[in-house]
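For reference, the structure is listed below as structure tokens.
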Amino acid sequence: MGFFSTILGFCGFGVGVSTGLVIGYYLFIYFQPSDVKDPVIRPLVEQDSQSLQRLLPEIPLWVKNPDYDRIDWLNKFLELMWPYLDKAICKTAKNIAKPIIAEQIPKYKIESVEFEELTLGSLPPTFQGMKVFVTEEKELVMEPSLKWAGNPNVTLGVKAFGLKATVQAVDLQIFAQPRITLKPLVPSFPCFAKIFVSLMEKPHVDFGLKLFGADLMSIPGLYIFVQELIKDQVANMYLWPKTLEVEILDPTKAMMRPVGILHVKVLRAMKLRKKDLLGASDPYVKLKITESKAPSKKTSVKHKNLNPEWNEDFSIVVKDPESQALEFIVYDWEQVGKHDKMGMNVVPLKELTPDEPKVMTLDLLKNLNQNDAQDDKFRGQLVVELTYKPFKEGDMSKDLDNPLQKAPEGTPPSGGVLVVIVHEAQDVEGKHHTNPYVRIIFKGEERKTKQVKKNRDPRWDEEFTFVLEEPPLKEKLHVEVLSTSTRIGLLHPKETLGYVNISLADVVNNKRINEKYHLIDSKNGKVQIEMQWLVIQKILSHRHRHQRLIFRIPMAKPIIDTEYLKEIEKARRELRAFISNKNCAPIMLRLAWHDAGTYDVNTKTGGPNGSIRNEEEYTHGANSGLKIALDFCEQVKSKCPKITYADLYQLAGVVAVEVTGGPTINFVPGRKDSNASPKEGRLPDAKKGAPHLREVFYRMGLSDKDIVALSGGHTLGRAHPERSGFDGPWTKEPLKFDNSYFVELLKGESEGLLKLPTDTALLEDPEFRRYVELYAKDEDAFFKDYAESHKKLSELGFTPHTGSKAIVKDCTILAQSAVGVAVAAAVVILSYLYEARKKMK
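Okay, so the sequence shown: first residue is 148 according to the working numbering, each after it adds one.
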């Protein structure tokens with residue numbers, strides 16, 4: 148059946164389609180119509196009702212719909228700028244397309260694809276109108292109506308098997324109605340962080356496609372088929388609610404949202420200098436994070452003590468650990484008058500390692516001026532303990548599918564950060580003055596916005612944060628708009644413009660709300676408040692006595708759709724650039740191996756599920772040093788947040804092999820993340836021999852060939868004594884993937900090169916040795932087997948749904964055969980009928 152299907156496919160599809168297309172096309176072109184007439188052009192007032200009805204779809208939207216604005220100014224701008232935009236856009240398109248083409252063409256045995264001509268033509272797009280939506284969010288939503296009937300010329304020269312073909316796209320028409328959303332709006336140029344583009348309806352796309360100078364779109368039936376195919380494909384990717392997302396700025400940095408919590412414990416001070424002439428000083432410490440509007444934190448006052456002990460804890464929200472610093476100032480409390488400054492110091496947050504407590508002894512200074520001679524005087528020391536807890540997806544509990552470990556009785560339940568953003572007020576008016584500001588009161592803590600003078604519609608956009616030990620399910624936020632007189636006098640110095648009490652249960656349940664609230668005791672006043680609840684969870688840590696803060700993010704299997712596949716390709720590009728730049732292919736490959744190598748085929752546990760990111764697992768002895776690779780992957784994850792950690796780690800291993808010259812490994816996405824880490828001891832021990840290797844790899848469901856082929860991956864990298872107790876590379880070029888691992892293994896001991904006990908076991912075992920000798924002699928055989936074994940390792944416990952490939956292949960061949968014969972017959976028949984009909988007329 149396979150032989151018959153192949154012959155039928157070749158004869159039907161190959162010969163049938165080719166012959167039919169060539170004969171039909173040239174019959175169609177040969178009999179070009181000779182009775183072409185110029186269209187009749189008449190004034191609009193002379194058109195009949197049927198003609199006017201046909202013209203209705205062409206009327207601009209600003210005529211038919213009052214909510215669409217006419218934007219002729221933009222069309223004039225495009226017309227003047229089009230020659231320059233044409234060159235700039237085409238240059239950018241070439242720069243983007245060339246590396247992508249260069250990466251893809253080897254898969255199809257194509258020698259080269261080059262742009263022989265690329266221009267958008269002389270006719271610019273035209274905007275038929277634009278509708279702008281007003282929302283309560285920090286976003287700008289626009290819906291333009293775009294029509295482009297252009298004369299571009301895109302000519303590609305394709306070389307393959309010593310032959311060259313020229314493909315040309317001309318006479319492009321695009322009618323589309325996109326929705327463009329700029330969000331979030333930020334106070335950094337260009338004032339928005341991302342662009343989201345969706346299509347509100349299927350676009351109209353029409354173009355001419357020439358092959359060897361002949362227009363393929365002239366073939367009957369092919370034009371409609373291609374047009375519908377393009378419409379469907381574009382709709383599948385971008386038809387609302389699907390979007391094309393373009394990142395302009397990093398939203399986290401642009402909007403300065405909270406990215407972590409700094410836990411500060413002020414322990415004690417030592418040998419403080421006395422500030423009072425009579426009696427001892429009364430010290431206290433004031434803490435403040437730089438570049439933050441949040442109020443300062445203060446310790447209690449220790450009266451008459453120059454060696455005070457506080458042991459007081461504080462939690463401070465961090466927005467940018469790279470630039471922010473924690474400022475400590477020690478004051479001498481005075482009952483009357485100004486408090487005397489006893490000394491100060493600053494700790495840059497970038498010096499802290501995330502999740503690691505750090506005890507610091509700070510020398511107190513007069514100020515931060517390094518040239519101040521008075522700073523040489525000893526002013527005492529301050530001892531503090533700092534722990535920075537970043538908010539990140541990987542910092543999760545052990546297993547969210549199971550109940551969390553119970554804390555001791557009396558421990559507060561899950562806590563978090565309440566973010567309150569005061570945006571604006573509308574229609575607020577006082578009886579005597581209108582200089583509004585907002586006062587927020589939450590659990591006795593008061594915050595205020597700045598005052599806006601003489602304004603009934605003030606805007607603040609000020610943000611306040613509250614670190615809480617438990618969700619505020621039963622709490623209320625008191626928001627009050629007040630006005631203070633700007634004149635000096637005792638008459639009507641302050642008055643209330645309205646207030647509202649907001650229940651926070653909705654914020655906890657929905658994570659975020661952004662609403663306008665009617666003010667009580669105000670005629671028409673409203674205030675817009677946005678609130679966010681960043682969920683964290685306190686659990687007991689086995690390694691530290693401190694509590695850990697973690698995000699609860701449910702683990703779910705990714706949906707493999709167009710968006711996810713685009714995210715995979717983006718991650719592949721990011722990994723390729725990152726690994727090439729950092730020369731970190733060996734440790735990335737080791738990360739992929741160690742995440743997958745915990746699989747147990749009997750219990751169906753472990754495997755490539757991303758669990759190696761858990762502190763419990765990456766601190767295993769066999770995983771020593773892999774925290775570096777995990778941090779590298781976090782940088783890629785921040786740019787590709789939709790990809791699972793499991794897919795990211797395995798993709799990193801695949802890319803590491805490819806960029807160092809190794810084989811191409813077929814990567815199938817769809818792995819689910821897990822927070823359950825296996826027990827230590829599932830990975831191979833480099834100090835043991837062949838029986839141990841078989842025990843470990845057989846437990847995974849792998850074979851002897853897999854053991855040897857995967858061992859060949861040691862051609863990359865070197866061993867580090869602080870991690871494994873061994874030192875040195877396996878090959879002379881540890882950043883090149885080839886078969887030199889096996890070549891060096893057969894040579895025996897070589898100066899400067901490493902041979903582990905597990906390496907020599909491959910020579911001592913006769914079954915292993917035959918693969919070693921094969922791979923040392925035949926690099927192609929090694930590449931082929933390695934690609935298969937690596938793919939098998941990366942898919943342990945993960946079954947892609949591919950269906951029956953053999954049945955699909957046979958059905959495809961039969962379908963191609965039938966389609967080939969049908970197309971050939973249809974083209975000839977349609978061409979004959981077309982000419983016969985024309986002659987009858």
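Glycine is no exception: its CB is placed at the ideal position from the N, C-alpha and C atoms.
Close-in-space but distant-in-sequence residues of the same chain around residue i (CB under 6 Å, 5 per side omitted)
| i | result |
| --- | --- |
| G864 | P733, P881 |
| W295 | P272, I321 |
| T745 | G753, P825, R829 |
| L620 | A652, V655 |
| L977 | With a pLDDT of 46 at L977, under the threshold of 50, the predicted position of this residue should be treated as unreliable, and no value is reported. |
| T500 | none |
| D853 | S936 |
| G557 | At G557, the pLDDT of 32 sits below 50, so the modelled position is not reliable and the matter cannot be decided from this model. |
| E714 | C787, K789, I790 |
| L391 | V344, Y385 |
| L363 | L356 |
Same chain, Cβ closer than 7 Å to residue i, neighbours up to 5 away in sequence not counted
| i | result |
| --- | --- |
| A427 | K421, K451, N452, L453 |
| L225 | P271, P272 |
| K254 | none |
| V783 | A718, E721, L722, F725, L795 |
| I775 | I734 |
Reference residue i, options the options, closest by Cα
| i | options | result |
| --- | --- | --- |
| D460 | V493, L499, R415, M489 | R415 |
| T313 | I587, E261, P788 | E261 |
| K641 | E714, Q598, L515 | Q598 |
| N661 | Y231, T282, L227 | T282 |
| Y933 | Q528, D318, P810, K751 | P810 |
| I568 | S936, G848, I707, P405 | P405 |
| K132 | K256, K513, Q275 | The structure shown has nothing for residue 132, since the chain only spans 148 to 988. |
| L515 | T534, R634, E474, T709 | E474 |
| H486 | E258, V493, Y478 | Y478 |
| G944 | G757, A908, G836 | G757 |
| H767 | V494, L396, D742 | D742 |
| R526 | Y535, G672, E392, L509 | L509 |
| F873 | S771, P838, E716, A823 | S771 |
| L356 | L369, E592, E394, W387 | L369 |
| I588 | E571, E617, L624, N822 | L624 |
| F884 | Y792, G808, S871 | G808 |
For residue i, the residue or residues it bridges with in DSSP
| i | result |
| --- | --- |
| E764 | Bridge partners of E764: none, in fact. |
| A1049 | Residue coverage of the chain in this structure runs from 148 to 988, which leaves residue 1049 outside it and unanswerable. |
| Q991 | The question about residue 991 has no answer here: the residues shown for the chain are numbered 148 through 988. |
| G355 | V317 |
| W680 | L565 |
| N582 | N582 is not bridged to any residue. |
| V413 | E459, V531 |
| T273 | K294 |
| K433 | K445, I476 |
| F589 | E592 |
| N648 | H625 |
| G407 | V465, P537 |
Opening and closing residue of the beta strand (DSSP E) in which residue i lies
| i | result |
| --- | --- |
| A856 | Per DSSP, A856 belongs to no beta strand (DSSP E); it is in the alpha helix (DSSP H), 851–858. |
| F613 | 606–615 |
| N492 | 487–495 |
| I243 | Per DSSP, I243 belongs to no beta strand (DSSP E); it is in the alpha helix (DSSP H), 219–251. |
| K924 | Not the beta strand (DSSP E): K924 falls in the alpha helix (DSSP H), residues 913–924. |
Unbroken alpha helix (DSSP H) run spanning residue i, endpoints
| i | result |
| --- | --- |
| K422 | Taken as a continuous stretch (DSSP letters only), K422 belongs to no alpha helix (DSSP H), as it is neither H nor E. |
| R841 | 837–847 |
| N756 | N756 -> no alpha helix (DSSP H), and no H or E assigned at all. |
| L133 | A query on residue 133 cannot be resolved here, the shown segment of the chain reaching from 148 to 988 and no further. |
Rounded Cβ spacing between residue i and residue j (contact assumed at less than 8 Å)
| i | j | result |
| --- | --- | --- |
| M289 | I236 | That pair is no contact at about 20 Å. |
| I496 | V465 | The residue asked about is misnamed: residue 496 is Leu in this sequence, not Ile. 6 Å between Cβ atoms; contact. |
| K412 | E532 | 4 Å |
| L346 | P325 | 6 Å |
8 Å CB neighbourhood of residue i in its chain, flanking five on each side removed
| i | result |
| --- | --- |
| L900 | G875, P876, W877, T878, K879, E891 |
| L712 | P816 |
| L893 | L910, V919, E920, A923 |
| I248 | V260 |
| K444 | V411, K433, L434, K435, F461, I463 |
beta-carbon residue i near the ligand GTP non-hydrogen atom, thresh 8 Å
| i | result |
| --- | --- |
| N728 | Only the bare structure without any ligand can be found here, which leaves the ligand GTP out of the picture. |
Proximity test, Cβ basis, 9 Å: residue i and chain D
| i | result |
| --- | --- |
| N454 | The chain labelled as chain D is not found in the depicted structure, where only one protein chain is given. |
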